[in-house]
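To keep things clear, I will list the structure first and then write my remarks on it.
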Amino acid sequence: MVRLLLSWVLNCFALFFVMKLVPGLQVDQFRDLFLATLVLGLLNALLRPIVLLFTLPVTILTLGLFTLVINGAMFYLAAHLVEGFRVTGFGTAFVAALLYSLFSFALNMVFQTKKG
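According to my numbering, the sequence shown holds residues 103 to 218 in order.
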């Protein structure tokens, strides 16, 4: 449970950094930032695997690059689900999703806790 909470907090920081770097990405309040991170996590855990399965032929043809488009779509969908979280277009969502993935990965690697 502590690992999950730590990961969520780190992802909140990642989204905050991305919000500061990418024009067209806006969060009204910190509450919306926390909610957007939660929604992104749920979408990536529940919906993304299904979408990846259905788009597997395209993903194979593009040598995996289509997963970047799927990540952007998850980001864009999260912006539609969270009222105070706005993305101006799909291009913004694509770049934001790419940076979010990189920051999230880096932060989770730096602050990872060992099991046991």
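Even for Gly, the Cβ is constructed at its ideal location relative to N, Cα and C. Computed from a predicted model, the values in this text were never measured in an experiment.
With 16 or more other Cβ atoms from the protein chains shown falling within 10 Å of its own Cβ, Thr194 counts as buried. For the pair Phe177 and Leu144, the CB atoms are not nearer than the 8 Å cut-off.
A check of alpha carbon separations from Leu135 across Asn113, Pro125, Gly126 identifies Asn113 as the nearest. The beta carbon of Phe118 sits closer than 7 Å to those of Leu135, all from its chain and outside the five residues before and after it, given in chain order. Membership of Leu127 in the beta strand (DSSP E) is indicated by the continuous run 127 to 129. The C-beta distance from Gln131 to Gly186 rounds to 6 Å, short enough to meet the 8 Å contact threshold. Under the 10 Å beta carbon count, Phe192 is surrounded by fewer than 16 other beta carbons and is classified as exposed. With 16 or more other CB atoms across the displayed protein chains lying within 10 angstroms of its CB, Val184 is buried. Rounded to the nearest angstrom, the gap between the Cα atoms of Lys122 and Thr169 is 24 Å. Its Cα nearest to that of Ser206, the residue Asn146 stands out among Asn146, His182, Pro125.
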